[in-house]
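J.:
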Amino acid sequence: MSDIKNIRNIGIMAHIDAGKTTTTERILYYTGKNYRIGEVDNGEATMDWMVQEQERGITITAASTTCFWNDSQINIIDTPGHVDFTAEVERSIRILDGAVVIFCAVGGVEPQSETVWHQADRYQVPRIAYVNKMDRIGADFFRVLKEMNHKLKAIPLTLQLPIGSESDFEGIIDLITMQELRWDQTDLGVTMIPAEIDSSRLSNSRTYREKMIDQLASISDKITELFLDGKEIPEMLIKEVIRRGTLERAFIPVLCGASLKNMGVQPLLNAIVDFLPAPNEVPPAVGHHIKSNENIAISCRRDAPPLALVFKIHSDREAGNLSYIRVYSGSLKSGSAVYNLAKRKRERINRLLRMHSNQSSKLDSVSAGDIAVVIGFKLAQTGDTIGSDKFPVLLEPMHFPEPVISIAIEPRTLSERKKLQDALRTIEKEDPTFTFKENEDTGQLIISGMGELHLDVLVTRVTKDYKVYAKVGQPQVSYRESISETVVHREKYHKTIAGKENTADITLKVEHLAQDEGNHFTSAVAPGTIPQELIEAVKRGIESAFTSGINYGYPAIDIDVTLIDAVYQQNTSTPLAFETAAALGYDAACRKANPVLLQPIMIVDVMVPREYLGEVIRNLSSRKGEVSSVESKPGFEHIHTHVPLANMFGYATSLRSATKGRATFAMEFAHFAVKDDDFSG
């Protein structure tokens, strides 16, 4: 078992095609975890173990593995780059202590780079940057540094300079050791060859080293003194200060290389160990104590009560549910009973595993700061806290975006309907951004997700992995409903059921909340006026009504409901009556509050060769796209625009046709906005 200070829990994140999985393959090879390098292009990448990942050449699930470098244990999460699989990135960032963000030396800071960067900002994750593909045509290391500063508002700390670029890229200059580094290609880059800096590059290297020292001096008085006195600054001191600045997120250390050509990966491994934090060096996780109703800090200690977060569920046909956990406190042992604090139920750890992609090795125990997989949990879901009923602390749950696109799915035969529903339930448990429900009018099963690719992947899983032959409809937009006015409504309910009277008399106020505020229910009834169980019944009625819409049956969002008055009659006021009155009253109040239909608006980024720019912009305008900016890059133009999702179906084919297959685009959800034009369903 590794000491806490020698563990690194890191994620590898980037825009699609920046080289995340390729870089991870080299890391596994150089650390001795793999005996050969698996290539993404050949469908052999270790971390892309799903059949669909190998066929499509993209990462879909966040795979995890563990390797060792310089006496340190590195737990790696290789996350997807495609925005449709943002849940995989979100739940991975939640449990990471540090991250490597990979940028393409040609594409620079691309749309999904910005998305994952802001996700990491939200969780305050320290990062190092790696500029990959320095050997590609159009590679420009210094332009990427400028884009990091301009687009991400990051302060890059340049630790390396490339020696040449494009086909002339031959190695790097290390500004800490002031050496040139090259790699022996006869042994796939295992041997790193240091050399003195060539005289033609020495002056420029000294200039950039001085810039690096100047940045470090801003947070270290010791370096300032040595620099002003003209004394040599020890390498160990430079690394200590870089580490401190990285943990404080004062700057982002930047390295470079060409992973596919086996250049630059070992210095990246050194940087992971030297500059990214151990689990006990990041701010403690925050938990909510159920009994005292207070938030408390969870120190990363192995001699404390056990506390872990389930951050991913994967269903395995032979082993059952694989529950990926990050342990924040104490230890968990194989064969022991634990308490699921979210479900208030006991569960048993049948086995503990250390994962290497889809392979595993057995563990006897797992302790604070580490990541493992539990086999045996039956109730656990993503975001659940696992621990002890003697230390009832809930870790902050994870939040995921709402699905914005839906399709109907039907089994080929009625006999397969249950098999299809079981497959969808399994996928829903694994993927928090996937939902399904039955349409009451048509009896169809409606599945919803983050995009066309997301749903395509899930449908393929249903048909290939679960062997359910299903028919799929055309994609439909998943709209939302809300209100635009404030209304107070009184609802009376009276019904005799099985000879017993059930009555309720409540007054509700419904109000519109600001965008992304979510739905809220509060009670303004004076304590003691009615029993607490009736207030809970009203809450249940309101919360179930949120999902059933107002006019069109789409989920309602950004609505605040307040119970402002209630009449209690001792013999006839029942929870059933109050729950029903709440649902009916909410529905009536919202219909009076000028309900509105909301449509998803997408951020669409198009990378297009200059000669097709006008045609692509005209096409976007015809789809009611609002172009916010056009940015020139080497060889292509980058168009930023907002387009209603309903107008984006079939865009990939249209774009390919208009640009002879030379343009690409990325699309992600931005926000919901009022749909002004007529709605036909």
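Numbering (my numbering), first residue to last: 1 to 681.
Heads up, the beta-carbon is just placed ideally off N, CA and C, and yes, glycines get one too.
So, are the CB atoms of G684 and I76 less than 9 Å apart?
T.: Past the edges of the chain, shown from 1 to 681, lies residue 684, and the structure says nothing about it.
J.: Suppose the cutoff is 6 Å on Cβ atoms and the five residues either side in sequence are ignored; what does the same chain contact list for D84 look like?
T.: Taking the sequence shown and counting its residues from 1, one reaches residue 84 at position 84. With a pLDDT of 49 at D84, under the threshold of 50, the modelled position of this residue cannot be trusted; read the value that follows with caution. Same-chain partners within the cutoff: M450, G451, L453 and H454.
J.: How long is the line joining the alpha carbons of L228 and L175, rounded to whole angstroms?
T.: Looking up residue 228 in the sequence shown gives position 228. Looking up residue 175 in the sequence shown gives position 175. Using only the alpha carbons, I get a separation of about 19 Å.
J.: Is the beta carbon of M134 closer than 9 Å to that of S165?
T.: By one-based count along the sequence shown, residue 165 stands at place 165. By one-based count along the sequence shown, residue 134 stands at place 134. Cβ distance < 9 Å, so S165 and M134 count as in contact.
J.: Excluding sequence positions up to five away, which residues of its chain have a Cβ less than 6 Å from the Cβ of S523?
T.: Walking along the sequence shown from the start, residue 523 turns up at place 523. Closer than 6 Å at the Cβ level, and outside the excluded window around S523, lie I535 and L563.
J.: Tell me whether M134 sits in a helix, a strand or coil according to DSSP, three-state version.
T.: Start at 1 with the first residue of the sequence shown, and residue 134 comes out as number 134. Residue state, collapsed to three classes: coil.
J.: In the structure shown, what three-state DSSP assignment does H15 receive?
T.: Indexing the sequence shown from 1 puts residue 15 at position 15. In this structure, H15 counts as coil in the three-state DSSP scheme.
J.: How is I447 classed by DSSP in three states: helix, strand or coil?
T.: By one-based count along the sequence shown, residue 447 stands at place 447. It is a strand residue.
J.: Using only the alpha-carbon positions, how far apart do A129 and V144 sit?
T.: Along the sequence shown, one-based indexing puts residue 129 at 129. Along the sequence shown, one-based indexing puts residue 144 at 144. Spanning the two alpha carbons is a distance of roughly 10 Å.
J.: Ordered along the chain, which non-local residues of its own chain (more than five positions away) have a Cβ less than 7 Å from that of L237?
T.: Looking up residue 237 in the sequence shown gives position 237. These residues qualify, in order along the chain: K222 and I223.
J.: Identify the continuous beta strand (DSSP E) that holds K500 and give its terminal residues.
T.: In the sequence shown, counting from the first residue as 1, residue 500 sits at position 500. From DSSP, the beta strand (DSSP E) with K500 extends over K500 to H512.
J.: For the beta strand (DSSP E) containing R348, list its first residue and its last residue.
T.: In the sequence shown, residue 348 corresponds to position 348, counting from 1. Segment K345 to R348, the beta strand (DSSP E) holding R348.
J.: Have a look at R540 and E579 and give me their C-alpha separation to the nearest angstrom.
T.: Position 540 of the sequence shown, counting from 1, holds the residue named residue 540. Position 579 of the sequence shown, counting from 1, holds the residue named residue 579. Roughly 6 Å separates the two Cα atoms.
J.: Out of V254, P234 and A271, state which residue places its alpha-carbon closest to the alpha-carbon of A27.
T.: In the sequence shown, counting from the first residue as 1, residue 27 sits at position 27. At residue 27 the sequence reads Ile, which differs from the Ala that was named. Ranking V254, P234 and A271 by Cα distance to I27 puts A271 first.
J.: In this structure, how does DSSP classify V241 when only helix, strand and coil are distinguished?
T.: Taking the first residue of the sequence shown as 1, we reach residue 241 at position 241. Looking at V241 - three-state DSSP - the assignment turns out to be helix.
J.: Of the choices R201, T641 and E637, whose alpha-carbon is the least far from that of S628?
T.: Here residue 628 refers to the residue found at position 628 of the sequence shown. The option with the nearest alpha carbon to S628 is T641.
J.: Considering only residues of the region 160 to 216, which uninterrupted beta strand (DSSP E) runs meet the minimum length of 3 residues and lie entirely inside it, listed in chain order?
T.: 160 to 163, 171 to 174, 179 to 183 and 192 to 195
J.: Could you please give the first and the last residue of the uninterrupted beta strand (DSSP E) stretch that includes Q599?
T.: By one-based count along the sequence shown, residue 599 stands at place 599. First-last of the beta strand (DSSP E) with Q599: P595 to V608.
J.: Is any beta-carbon of chain D found at less than 9 Å from that of W69?
T.: Of the protein chains in the structure, only one exists, and it is not chain D.
J.: So D384 packs on V310, CB below 8 Å; how close in whole Å?
T.: Taking the first residue of the sequence shown as 1, we reach residue 384 at position 384. Taking the first residue of the sequence shown as 1, we reach residue 310 at position 310. Indeed they touch by this definition, with Cβ atoms about 5 Å apart.
J.: Could you check what DSSP says for I60 in three-state terms: helix, strand or coil?
T.: Mapped onto the sequence shown, residue 60 falls at position 60. With a pLDDT of 34 at I60, under the threshold of 50, the predicted position of this residue should be treated as unreliable, though the coordinate-derived value follows. DSSP places I60 in coil when its eight states are reduced to three.
J.: On the DSSP letters alone, give me the boundaries of the alpha helix (DSSP H) that E225 sits inside.
T.: On the sequence shown, residue 225 is found 225 positions in, with the first residue counted as 1. Start and end: D221 to L228.
J.: Is any heavy atom in the ligand NAD found nearer than 8 Å to the beta carbon of A271?
T.: The ligand NAD is absent from the structure shown, which contains no ligands of any kind.
J.: Of all the options V643, T158, G320 and K291, which has the alpha carbon lying nearest to the alpha carbon of S621?
T.: On the sequence shown, residue 621 is found 621 positions in, with the first residue counted as 1. S621 has its Cα closest to that of V643, out of V643, T158, G320 and K291.
J.: Have a look at the DSSP bridge pairing and note the partners of K437.
T.: In the sequence shown, counting from the first residue as 1, residue 437 sits at position 437. DSSP lists I446 as partners of K437.
J.: Using the C-alpha atoms, what's the distance from S548 back to E485?
T.: Indexing the sequence shown from 1 puts residue 485 at position 485. Indexing the sequence shown from 1 puts residue 548 at position 548. As the crow flies, the alpha-carbon of E485 is around 19 Å from that of S548.
J.: Where does Q570 sit, in a helix, a strand or coil, going by DSSP?
T.: Within the sequence shown, residue 570 is the residue found at index 570, counting from 1. Q570 falls in the coil class under three-state DSSP.
J.: Does the region 207 to 226 come close enough to the region 183 to 199 that 3 or more CB-CB pairs lie under 8 Å?
T.: no
J.: Which same chain residues end up closer than 6 Å to A304 when comparing Cβ atoms and leaving out the 5 residues on each side of it in sequence?
T.: Residue 304 sits at position 304 when you count from the first residue of the sequence shown. So the list reads S329 and G330, once near-sequence residues are dropped.
J.: Beta-carbon separation of A589 and V488 under 9 Å?
T.: For the purposes of this step, residue 589 is taken as the residue at position 589 of the sequence shown. For the purposes of this step, residue 488 is taken as the residue at position 488 of the sequence shown. Yes; because the gap between Cβ atoms is below 9 Å, this pair is in contact.
J.: Return the CA-CA distance between N647 and H671, expressed in angstroms with no decimal places.
T.: Numbered from its first residue, the sequence shown carries residue 647 at position 647. Numbered from its first residue, the sequence shown carries residue 671 at position 671. Answer to the nearest angstrom: the Cα atoms are 15 Å apart.
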